[in-house]
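Okay, so the first sequence: first residue is -1 according to our numbering, each after it adds one. A short write-up of the structure that comes next.
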Amino acid sequence: MQESIKHHLEQKSVGYETVIKAWVKTKRQSKNVAFLALNDGSTIKNLQAVIELTPETEALLARIHTGASVEVHGKLVESAGAGQQNELMASQLIILGEADPDHFPIQPKKHSLEFLREHAHLRFRTNLFGAVTRVRHSMIYAIHSFFNERGFYNVHTPIITASDAEGAGEMFQVTTLDLDKLPRTEDGKIDFSQDFFGRAANLTVSGQLEAELAAMALSKVYTFGPTFRAENSNTSRHLAEFWMIEPEVAFADINDDMDLAEGLLKYCVRYALEHCADDLAFLSERLTNEEKALPEADRSMELIEKLKFVMDNDFVRLTYTEAIDILKNSTPNKKKKFNYIIESWGADLQSEHERYLVEKHFKKPVILTDYPKEIKAFYMKLNEDGKTVRAMDILFPGIGEIVGGSQREENYEKLVQRMKEMHIPIDEMSWYLDTRRFGTVPHAGFGLGFERLLLFVTGMGNVRDVIAFPRTPKNCEF
RNA sequence: UCCUCUUUAGCUCAGUUGGUUAGAGCACCUGACUGUUAAUCAGGGGGUCCUUAGUUCAAGUCUAAGAAGGGGAGCCA
């Protein structure tokens, strides 16, 4: 394998012969010499190949356009031009694959994100998606490092599950039955006993319940896997297939949970700042240009400044009840500027309320805790007041909920009581209830939406642009 | 699913109160230029104005329906 362009650009001692295989970003030509900006994805920076014009090279250069793949032999030298440290003085130029500019959609110009989404198979080749893909990789790596350094074990929870009782959203059904000839039982219902698993099965909407099982033996575990929600959600923050990080910690309470989540987010941001400087600089510039047209008040903080701010400042922690008080007395609530006016305790918080708290009132990430039990999931631990549960949501500026978690109800009777109240089928969940039957312990966990984290770190505005092949309603291309 | 906006050259867009042959930048082709930084300069080719129906002497422009896409909301991560 060849040494990367990143490696060549970082070389201090030059003057040696080398070979570069890469894709052409741009070609510039003048009377005696041509320049190819070469990129192999190892860095956002290009290596410039300098090619003397001869009848032979001119014929080759005529066939080389943006997107072509080439092999260039030559000597790595300090650049005579201003834009870069090192460059490649070519002695031999070989075309590996042409890219006909009449048909290759990616041209050296600004494309809209919508256009690139329709060409998702080629958008890796843009500077933007190169940067996003590298940052995405770094965040995957950072997450595993964070947990590994803290003694967590990664567990793979099932993708296919027969449990439909988690209440986390609409599910995709998995079946091998012939949909044109569905087997029926005597009372006319579909006979799932003839299906592959002998029962109805779905794609998972969360690995949490299985992660809890593992935490009851290994103490500190986390999952990092794909998650599927068949919701008809059409927003910049939702995907039908997304990736989620779900730690689960035994002998931990809600405060440990918040510390863990805040620590993880800051670790990721620090990792990005330390390891993705070139890509973040590019992403920052993109964001600034993107927002130039906006009035100053609507522009976001400069990307790197924003990341440092989040890394260096404690998140605000307050209870749902305190948040309701702030919202009730807020100017937009009094002037009836909210679409949903906060009138009393118990109301579910809408996006506009979360955004007010994060973006206007506190101007920093906020952790909201102790929500009314009615608006939260069955497994969350009931507080002494009997009204609220030990839930915690982390809200980020521009994104909203990035983490949702809780201390779990470890008391068997209380959990069963909550399941009955919320019509969760208890007999199907006996395996889950066994955690509370045998050696139950206080424990807590959360779910972090990976693509939402990437929105924050990259400054992108739509989760469809931080995952290679987004799955959304009516869209399963590629 | 609801609200709202958009759809004009390969791409990004402009197109006046409805009026002659629908424009620009980038990309492409030709030429010029002594090392360029998404090079520059000059010239050239390139159009089912999303679809259908309607109003009108006349529709890219107005009306209706549909399609695709964006943004916001709900649900959530």
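Cβ atoms here follow ideal geometry from the backbone N, Cα and C, with glycine treated the same way.
Helix, strand or coil for residue i? Go by DSSP, reduced to three states.
| i | result |
| --- | --- |
| Val364 | strand |
| Ser282 | helix |
| His71 | strand |
| Tyr369 | strand |
| Arg478 | The first residue shown for the chain is -1 and the last is 476, placing residue 478 beyond what the model contains. |
| Phe240 | strand |
| Asn44 | coil |
| Ala270 | helix |
| Gly447 | strand |
| Asn473 | strand |
| His5 | helix |
| Ile49 | strand |
| Leu380 | strand |
| Gly324 | Note on residue identity: the sequence assigns Ile, not Gly, to residue 324. Three-state DSSP puts Ile324 in a helix. |
| Val461 | helix |
| Glu76 | strand |
| Val12 | coil |
| Ala32 | strand |
| Leu120 | coil |
| Tyr265 | helix |
| Glu341 | coil |
| Lys358 | helix |
Starting from the Cα of residue i, find the closest Cα among the options and give me that residue.
| i | options | result |
| --- | --- | --- |
| Phe376 | Gln206, Asp176, Tyr139, Ile243 | Gln206 |
| Arg235 | Gln0, Met(-1), Gly447, Val17 | Gly447 |
| Leu7 | Val22, Thr24, Asn37 | Asn37 |
| Asp193 | Gln171, Glu283, Asp276, Val133 | Gln171 |
| Met169 | Asp176, Asp178, Thr159, Leu175 | Thr159 |
| Ile392 | Ile3, Asp312, Thr131 | Asp312 |
| Lys306 | Tyr265, Asp346, Ile339, Phe336 | Tyr265 |
| Thr41 | Phe33, Ala212, Ala466, His135 | His135 |
| Arg435 | Val414, Leu453, Tyr410 | Tyr410 |
| Thr386 | Gly128, Asn30, Gly344 | Gly344 |
| Phe127 | Lys10, Thr470, Met458 | Met458 |
| Trp429 | Ala212, Tyr220, His441 | Ala212 |
| Met242 | Glu475, Glu294, Phe226 | Phe226 |
| Leu59 | Thr183, Asn30, Val267, Gln82 | Asn30 |
| Glu244 | Glu294, Arg297, Ile141 | Ile141 |
| Glu300 | Thr319, Tyr318, Ala279 | Ala279 |
| His63 | His154, Trp21, Lys43 | Trp21 |
| Thr329 | Ser67, His359, Pro468 | His359 |
| Met309 | Phe476, Glu407, Arg297, Leu263 | Leu263 |
| Ala32 | Glu289, Thr221, Ala57 | Ala57 |
| Glu96 | Ser11, Ala78, Gly396, Ala66 | Ala66 |
Taking residue i as part of the alpha helix (DSSP H), name the residues at either end of that continuous run.
| i | result |
| --- | --- |
| Trp21 | No alpha helix (DSSP H) contains Trp21, which is instead part of the beta strand (DSSP E) from 15 to 27. |
| Thr173 | That residue, Thr173, is in no alpha helix (DSSP H); it is neither H nor E in DSSP. |
| Arg235 | Per DSSP, Arg235 belongs to no alpha helix (DSSP H) and is neither H nor E. |
| Val133 | 125 to 147 |
| Val414 | 410 to 419 |
| Tyr479 | Outside the shown range of the chain (-1 to 476) lies residue 479, about which nothing can therefore be said. |
| Leu478 | In the structure displayed, the chain extends from -1 to 476; residue 478 sits before or after that span and is not available. |
| Thr329 | 329 to 332 |
| Asp310 | 301 to 310 |
| His351 | 349 to 353 |
I need the boundaries of the beta strand (DSSP E) containing residue i, first residue and last residue.
| i | result |
| --- | --- |
| Ser404 | 398 to 405 |
| Ser89 | 84 to 95 |
Can you pull the DSSP bridge partners for residue i?
| i | result |
| --- | --- |
| Tyr220 | Asn152, Pro245 |
| Asn200 | Thr159, Gln171 |
| Thr317 | Thr367 |
| Asn37 | Trp21 |
| Glu229 | BP columns for Glu229 are empty, so no partner. |
| His441 | Ala248 |
| Ile487 | Residue 487 lies beyond the residue range present for the chain, which begins at -1 and ends at 476; the question has no answer from this structure. |
| Leu393 | Val364, Glu399 |
message: Measuring CB atoms only, is the segment 209 to 220 touching the segment 242 to 251, in the sense that at least three cross pairs come out at less than 8 Å?
response: yes
query: Is the segment 8 to 23 close to the segment 67 to 82, with three or more CB pairs under 8 Å?
result: yes
query: Do three or more CB pairs link the segment 340 to 356 to the segment 315 to 325 at distances below 8 Å?
result: yes
Inter-stretch contact at 8 Å, needing at least 3 Cβ pairs: the segment 104 to 112 / the segment 83 to 95: no
- request: Determine, using beta-carbon pairs with one atom in the segment 180 to 187 and one in the segment 195 to 209, whether at least three such pairs fall under 8 Å.
  value: no
- request: Please determine if the segment 146 to 154 and the segment 269 to 284 are in contact, where contact requires at least 3 C-beta pairs separated by less than 8 Å.
  value: no
message: Closer than 8 Å is the cut-off here; do at least three beta carbon pairs connect the segment 38 to 53 with the segment 92 to 101?
response: no
task: State whether the segment 364 to 371 contacts the segment 252 to 262, with contact taken as three or more CB pairs (one from each stretch) at a distance under 8 Å.
output: yes
query: Below 8 Å, can you find three or more Cβ-Cβ pairs linking the segment 399 to 408 to the segment 431 to 446?
result: yes
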